[in-house]
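Residue numbers (the working numbering): 9 to 386. Even glycine gets a Cβ: it sits at the ideal position worked out from N, Cα and C. None of the values given here were measured: they were computed from a predicted structure.
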Amino acid sequence: MLQFIPWLLSFVIPFLVVLSVIVFVHEMGHYLVARWNGIAIHTFSVGFGPELWGRYDRNGTRWRVSAIPLGGYVRFVGDMNAASLPDPAAADAIDPALRPHLFVNKNVWQRISVVIAGPLANVILTFFILYALLLGYGRYTIPPVIGSVVPQSVAEQAGFEAGDRILSVDGYEVRGFEDFQRLVATSPARNVDVVLDRNGRTEELAVVPEAVEVKDRFGNNQRIGRIGVSRDVENTDITLYRPDPVEAFGMTVEEIHFIVNRTAAFLGDFFVGRGDVEQLGGPVKVAKVSGEVASLGIIALINLTALLSLNIGIFNLLPVPMLDGGHLAYYLVEAIRGRPLSQRVQEAGFRIGFALVLALMVFTLFNDTLFAYLRSAT
Numbered sequence: 009m010l011q012f013i014p015w016l017l018s019f020v021i022p023f024l025v026v027l028s029v030i031v032f033v034h035e036m037g038h039y040l041v042a043r044w045n046g047i048a049i050h051t052f053s054v055g056f057g058p059e060l061w062g063r064y065d066r067n068g069t070r071w072r073v074s075a076i077p078l079g080g081y082v083r084f085v086g087d088m089n090a091a092s093l094p095d096p097a098a099a100d101a102i103d104p105a106l107r108p109h110l111f112v113n114k115n116v117w118q119r120i121s122v123v124i125a126g127p128l129a130n131v132i133l134t135f136f137i138l139y140a141l142l143l144g145y146g147r148y149t150i151p152p153v154i155g156s157v158v159p160q161s162v163a164e165q166a167g168f169e170a171g172d173r174i175l176s177v178d179g180y181e182v183r184g185f186e187d188f189q190r191l192v193a194t195s196p197a198r199n200v201d202v203v204l205d206r207n208g209r210t211e212e213l214a215v216v217p218e219a220v221e222v223k224d225r226f227g228n229n230q231r232i233g234r235i236g237v238s239r240d241v242e243n244t245d246i247t248l249y250r251p252d253p254v255e256a257f258g259m260t261v262e263e264i265h266f267i268v269n270r271t272a273a274f275l276g277d278f279f280v281g282r283g284d285v286e287q288l289g290g291p292v293k294v295a296k297v298s299g300e301v302a303s304l305g306i307i308a309l310i311n312l313t314a315l316l317s318l319n320i321g322i323f324n325l326l327p328v329p330m331l332d333g334g335h336l337a338y339y340l341v342e343a344i345r346g347r348p349l350s351q352r353v354q355e356a357g358f359r360i361g362f363a364l365v366l367a368l369m370v371f372t373l374f375n376d377t378l379f380a381y382l383r384s385a386t
């Protein structure tokens, strides 16, 4: 029993703290926009399943913390379930004075705004975290100049030379050599366009980083891109760069665009057969990563919160019924047709969406435990 306590403190608690913050912000986005649109709200829950704690506010909304801390929901008055599927029978039985405040009776654009608000809240959280960290701590950087090129590497074949100063990669400005490394590392087996300065001349090169397997500091396998360049670093090369508020704003927007772009590329790899299923992570892997990052300090954990918040926002926009993206697809179809889809179609979509999400959760859980077992056995 005593051996369980360090594991709980190291992995479970950081994971629950990070996930609870992200879920609360996501659902608060739905809640606030719903309130602004005059929608009656039945429940605001962090977690699913049996209620552990709850209370009613003056507007009649039940605020609750539930037993299964793997998500959350805002349920509107007149909904059949936590996925905001309307219940016609309940709507007919509700006090006529309350009917204008039902989510289902709001116009399609108001419903769309409520749906988008959750993922948008995740993006805003990510922006404020990254922006605050950049302004408060700045970033350490080294000049983006190539020191050497490995013979017969893909970099040599693409035409890179020692002394080249990297200006941009795939349109992203390179401010330091660490930017160049990260942009290459996140593009395994994908074409990368590099703009560089060579002896005062601007040149453009295209290179496809080789996909290689490496281990991070915690022993986890990572699939990254590598082209075969390096740079020796002296202490005098390292500088602390502190952008002003305006530049930091632009750098944060660029960072969010980069994360979204690379996440989409990562998911796209699975559709063309380049994906590595070991890189997919479910609750177990996220808990493990949270614990590992927490060991690096609170700033690293806050940074992970920003990254996960953005990825959860993106995931929720997938056009899968039950997720925000599925509701958004329904309402966009309604906006085009001029009338909503039938109740039967919506219910069928919900069941399919629930099955897909459940299957994904089971797969990622199996994936996490399988590879954890294989790594421990080797």
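State the DSSP-derived secondary structure class of Q230, mapped to helix, strand or coil. DSSP places Q230 in strand when its eight states are reduced to three.
Residue closest to M36, alpha-carbon to alpha-carbon, out of D178, Q351 and N130: By alpha-carbon distance to M36, the top candidate from D178, Q351 and N130 is N130.
Ignore the nearest five residues each way along the sequence and tell me which others in V202's own chain have a CB closer than 6 Å to its CB. The answer, listed in chain order, is V177 and L213.
Report buried or exposed for E263, applying the criterion of at least 16 other Cβ atoms within 10 angstroms of its Cβ. E263 comes out buried.
Would you tell me roughly how many angstroms separate the C-alpha atoms of Y180 and G357, rounded to the nearest one? For the pair Y180 and G357, the Cα-to-Cα distance works out to about 39 Å.
Where does Y81 land, buried or exposed, given buried means 16+ other C-beta within 10 angstroms? Classification of Y81: buried, given that the 10 Å Cβ count is 16 or more.
Length-filtered (3 minimum) beta strand (DSSP E) runs lying within the stretch 133-168: For the stretch 133-168, whole beta strand (DSSP E) runs of length 3 or above, ordered along the chain, are 147-149.
Rounded to the nearest angstrom, what separates R231 and A343 at their Cα positions? Distance from the CA atom of R231 to the CA atom of A343, rounded to whole angstroms, is 42 Å.
Pair within 8 Å by beta-carbon distance, F56 and G79: The answer is yes: Cβ separation under 8 Å.
Would you tell me roughly how many angstroms separate the C-alpha atoms of G46 and K114, rounded to the nearest one? Taking the straight line from one Cα to the other gives about 9 Å.
Take H34 and list the residues in its own chain whose beta-carbon comes closer than 6 Å to its own, dropping the five residues that flank it on each side. Excluding positions up to five away in sequence, the list reads G126, A129 and N130.
Leaving aside the five residues before and after I174 along the sequence, list all residues of the same chain whose C-beta is less than 6 Å from its C-beta, in chain order. Same-chain partners within the cutoff: P152, V182, F188 and L204.
If you draw a straight line from the C-alpha of N67 to the C-alpha of V85, how long is it? Straight-line Cα distance between these residues: approximately 12 Å.
Where in the stretch 187-272 do unbroken runs of the beta strand (DSSP E), each at least 3 residues long, occur, reported from the N-terminal end onward? The DSSP assignment places complete beta strand (DSSP E) segments of no fewer than 3 residues inside the stretch 187-272 at 200-206, 209-215, 218-223, 229-234 and 247-249, in order along the chain.
What is the residue span of the beta strand (DSSP E) that F52 lies within? Start and end: I49 to Y64.
Considering only residues of the same chain and omitting the five flanking positions on each side of S161, which have a CB-CB separation below 6 Å? Excluding its 5 nearest sequence neighbours in each direction, S161 has C-beta neighbours in its own chain below 6 Å: G236, listed in chain order.
If you reduce the DSSP assignment to three classes, tell me which class L331 lands in. Reduced to three states, the DSSP call for L331 is strand.
I need the DSSP call for A75, collapsed to helix, strand or coil. Residue state, collapsed to three classes: strand.
With DSSP as the reference, please indicate the residues paired to R70 in a beta bridge. R70 pairs with T51 and Y64.
So for V82, helix, strand or coil by DSSP? Look at V82 here: in three-state DSSP terms it is strand.
Mapping DSSP to helix, strand and coil, what is I21? In the structure shown, I21 sits in a helix (DSSP, three-state: H, G or I).
Three-way DSSP call (helix, strand, coil) for V182 in this model: The three-state secondary structure of V182, taken from DSSP, is coil.
Report all residues from its chain with a CB closer than 7 Å to the CB of M391; omit the five preceding and five following residues, and keep chain order. Residue 391 lies beyond the stretch modelled for the chain, which goes from 9 to 386, so this question has no answer here.
So, at 6 Å on beta carbons, what are the nonlocal neighbours of F185 in its own chain, with the 5 sequence-adjacent residues on each side left out? Excluding residues up to 5 positions away in sequence, I150, P152 and R239 lie with their Cβ nearer than 6 Å to the Cβ of F185 in the same chain.
With the cut-off set at 8 Å, would you say P253 and A219 are in Cβ contact? No, these two residues do not count as a Cβ contact at 8 Å.
Using a 10 Å radius around the Cβ and a threshold of 16 neighbouring Cβ atoms, would you call R119 buried or exposed? Under this definition R119 is a buried residue.
Note down the Cα distance separating P22 from A105, rounded to an integer number of angstroms. Those two C-alpha atoms are separated by around 45 Å.
What is the DSSP secondary structure of L110, reduced to helix, strand or coil? Coil.
Is R347 helix, strand or coil when you go by DSSP? Residue state, collapsed to three classes: coil.
Are there 16 or more other CB atoms within 10 angstroms of the CB of G346, so buried, or fewer, so exposed? Counting the other CB atoms within 10 Å of its CB gives G346 a total below 16, which places it among the exposed residues.
Measuring alpha carbon to alpha carbon, tell me which residue in T210, K223, F168 and F257 is nearest P6. This structure does not reach residue 6, given that the chain is present from 9 up to 386, and the question cannot be answered.
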